[in-house]
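J.: Residue numbers for the sequence shown follow the UniProt record's numbering, beginning at 401 and rising by one.
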Amino acid sequence: RAKAEPTEKICFFDQEMDEAVRKRRALANDLRQAIANDELELHYQVQSSVLTGEITGYEALLRWRHPQRGLVPPMEFIPLAEENGLILKLGEWALREACQQFARRDPPVKVAVNLSPIQFLHPNLAKLVSDILDETGMPPHYLELELTESAIIADKARTLAILEQIRKLGVTFALDDFGTGYSSLETLRAFPFDKIKLDKSFMDEAAESLQARSIIRAVLALGKSLGIPVLAEGIETYDQMNILREEGCDNAQGYLLGKPAPYSVISDDPANYATRLRAIARQSAASE
Ligand code: C2E
Ligand code: MG
Ligand code: MG
Ligand code: MG
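This is the structure in structure tokens:
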């Protein structure tokens with residue numbers, strides 16, 4: 401008798417697991433067709449100067465328009481793609497698409513593409529990047545690759561070799577989600593990054609928490625003394641803009657400045673976009 405209850409619970413639990421596993425499997429299967437079916441898109445989020453509102457670049461963010469489920473967020477399908485190896489194809493698609501779209505942009509502007517650790521450690525990456533630059537005519541110094549620390553820790557010598565090989569092409573590297581990894585300082589010490597992207601979590605707490613504020617200040621000082629520019633991620637409010645001004649951080653990205661949008665939207669009306677960003681910069685200057 402006493403044993404009946406736990407058994408039932410286990411059955412119930414198994415059913416839920418089955419359901420979740422089935423859903424993931426179905427999604428993974430659909431993902432295999434996503435490129436061929438033209439279901440992937442890149443959305444671009446603007447990066448701009450806090451002081452002037454000048455557009456300094458765009459980050460490319462992958463979107464999957466599933467025919468039944470609608471827009472599937474990257475947090476749902478990128479981990480799946482990393483598990484089954486599809487990330488190599490998705491990543492290659494994203495890199496090519498971003499370069500194609502930005503190759504002939506006038507005036508030219510930087511585009512940043514996220515790299516999965518799996519992509520980064522694939523032996524063919526440098527050749528792939530070089531081939532895509534040639535094929536699309538993208539000027540290398542307008543391409544930035546974003547990497548999180550998790551890509552790096554495994555093999556230092558190899559990481560360094562890959563970074564240097566690709567940087568030799570003229571492509572730059574940004575360290576994404578800075579401060580969330582477990583050896584951020586060591587990563588900066590050991591590897592040649594061209595930009596630090598301060599993780600959104602610090603900005604989330606910046607207005608209320610003195611600790612978060614101190615960390616932001618320290619990261620900016622670190623960037624300054626290493627000669628590496630810092631960009632603050634996840635800016636949603638004028639309060640956060642003001643903090644950046646006060647702390648001397650000139651690079652920002654976040655919903656306040658612009659949400660990720662399809663290429664047609666960011667390119668249709670660049671003058672309007674720039675005017676809006678200048679107005680945001682002015683408004684934060686005025687409220688100081
Ligand atoms: P990430 O590279 O750190 O990108 C920033 C994420 O924060 C994006 O989410 C962006 O839409 C979101 N974000 C930007 N500003 C704000 C803000 O003010 N408030 C809030 N709440 N969110 C903001 P998204 O597009 O859902 O992407 C999530 C993550 O998925 C990315 O984080 C990146 O790690 C990964 N990802 C996206 N595209 C790609 C890709 O092409 N390849 C790879 N390997 N990973 C990608
Ligand atoms: Mg990123
Ligand atoms: Mg990030
Ligand atoms: Mg992130």
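We put the CB at the ideal spot given by N, CA and C, even for glycine.
As the structure is a prediction and not an experimental result, all values here were calculated from the model.
Using the Cα positions of Ala607 and Met641, report the straight-line distance between them to the nearest angstrom.
T.: Using only the alpha carbons, I get a separation of about 10 Å.
J.: Quick check: the Cα distance between Arg465 and Leu610, rounded to an integer number of angstroms?
T.: If I take the Cα positions, the gap works out to 41 Å.
J.: Using DSSP bridges, identify the partner residues of Thr572.
T.: Note: Thr572 sits in a beta bridge opposite Glu544.
J.: Quick check on DSSP: helix, strand or coil for Gln447?
T.: DSSP places Gln447 in strand when its eight states are reduced to three.
J.: Beta-carbon within less than 7 Å of Pro517's beta-carbon, same chain only, minus the 5 sequence neighbours each way: which residues are those?
T.: Correct list, in chain order: Ser550, Ala551.
J.: Can you tell me which of the three DSSP states Leu486 falls into?
T.: Looking at Leu486 - three-state DSSP - the assignment turns out to be coil, as it is neither helix nor strand.
J.: Alpha carbons only, please: which of Pro523, Leu451, Val421, Leu656 is nearest the one belonging to Ala681?
T.: Looking at the Cα atoms, Leu451 is the closest of the given residues.
J.: For Leu480, which residues of its own chain have a beta-carbon under 7 Å away from its beta-carbon, when the five flanking residues on both sides are left out?
T.: Here the set comprises Arg424, Leu427, Ala428, Leu431.
J.: How is the beta strand (DSSP E) around Thr513 delimited, first residue to last?
T.: Position check: residue 513 holds Val in this sequence, whereas Thr was assumed. Taken as a continuous stretch (DSSP letters only), the beta strand (DSSP E) holding Val513 covers 510-514.
J.: Quick check on the burial criterion: 16 or more other C-beta atoms within 10 angstroms. Buried or exposed for Tyr655?
T.: Its Cβ having fewer than 16 others within 10 Å, Tyr655 is exposed.
J.: How is Asn437 classed by DSSP in three states: helix, strand or coil?
T.: The answer is coil: DSSP assigns Asn437 none of H, G, I, E or B.
J.: Among the residues of its own chain, which have a CB less than 8 Å from the CB of Ala574, if the five just before and after it don't count?
T.: Cβ neighbours of Ala574 beyond the five flanking positions: Ala512, Glu544, Leu545, Glu546, Leu547, Phe593, Asp594, Lys595, Ile596, Lys597, Leu631.
J.: Closest to Val472 by C-alpha separation, out of Asp669, Glu636, Ile643, Glu441, would be which residue?
T.: Measuring from the Cα of Val472, the nearest candidate turns out to be Glu441.
J.: By Cβ distance, which residues of its chain are closer than 7 Å to Leu657, with the 5 residues on each side in sequence left out?
T.: Excluding sequence neighbours, Leu657 sits near Val446, Ser448, Ile635, Leu677, Ile680.
J.: Roughly how many angstroms lie between the CA atoms of Arg504 and Asp414, to the nearest whole one?
T.: Their Cα atoms are separated by approximately 53 Å.
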